[in-house]
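Numbering (the numbering used here), first residue to last: 493 to 630.
Ideal Cβ positions, reconstructed from N, Cα and C, are used throughout, including at glycine.
For clarity, every value in this text was computed on a predicted model and none was experimentally measured.
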Amino acid sequence: MPSGISIIICTKNRSADLAITLDSVFSQRMLPDYLVIVDDGDAENTRAVLKKNDSIPEVRVIYIHPESESSGLPEARNRGIQALPDLTGIILFIDDDVTLEETYLEKLRDLFSKNPDLCGQRAAHQVQVAADRRRRRG
């Protein structure tokens, strides 16, 4: 059975925003197994941001800088998916300007554990709203 959480972040010339996003990823109580960065922009600045976080061995970072410019976000996300192992359980796409609360990945894992037939989910606040609605009905 697939397990673990992988995060894919597609970025283009936003290394300052990416640095903040990565800080929130690496501050999670539960770290992802894989972090894939698909960089369609200035590779030098993005690599400098990644280098600051290369001392976290629990997270395998995969960096992709396509030789040719991609044809947009869908292609970049597909490149990220192709870089992951086949048995990845949960794939989380986040933008390069997102800040995750420190329990985001735990909540996401718990949601999928409690709902094994679930095949997708949007934002974390949706998780909390759905849980609150169920409690009120119950």
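Residue i (DSSP reduced to helix, strand or coil)
i, result
"Arg569", "helix"
"Leu600", "helix"
"Asp589", "coil"
"Ser498", "strand"
"Arg521", "coil"
"Val551", "coil"
"Thr538", "helix"
7 Å Cβ shell around residue i - same chain, five flanking residues per side excluded
i, result
"Ala623", "Here the model assigns Ala623 a pLDDT of 45, short of 50, so the residue's position is not dependable, and the following value carries that caveat. So the list is empty, once near-sequence residues are dropped."
Residue i - containing beta strand (DSSP E), residue span
i, result
"Val528", "Tyr526 to Asp531"
Unbroken alpha helix (DSSP H) run spanning residue i, endpoints
i, result
"Ile512", "Ser507 to Phe518"
Same chain, Cβ closer than 8 Å to residue i, five either side skipped, listed in chain order
i, result
"Ile548", "Phe518 and Leu523"
Rounded Cβ spacing between residue i and residue j (contact assumed at less than 8 Å)
i, j, result
"Ile586", "Ile501", "6 Å"
Selection from the options that minimises the alpha carbon distance to residue i
i, options, result
"Val553", "Tyr526, Ser507, Ile573 and Leu510", "Tyr526"
"Asp534", "Asn545, Arg521, Arg506 and Tyr555", "Arg506"
"Glu550", "Ile497, Phe604, Ile512 and Asn607", "Ile497"
"Ala508", "Ile499, Thr538, Ser516 and Asp532", "Thr538"
"Arg531", "Ser605, Asp602, Ala568 and Thr591", "Looking at the sequence shown, residue 531 is not Arg but Asp. For Asp531, the nearest C-alpha among the options comes from Ala568."
Sequence-distant residues of its chain with Cβ nearer than 6 Å to residue i (five each side left out)
i, result
"Leu510", "Thr503, Val541 and Asp588"
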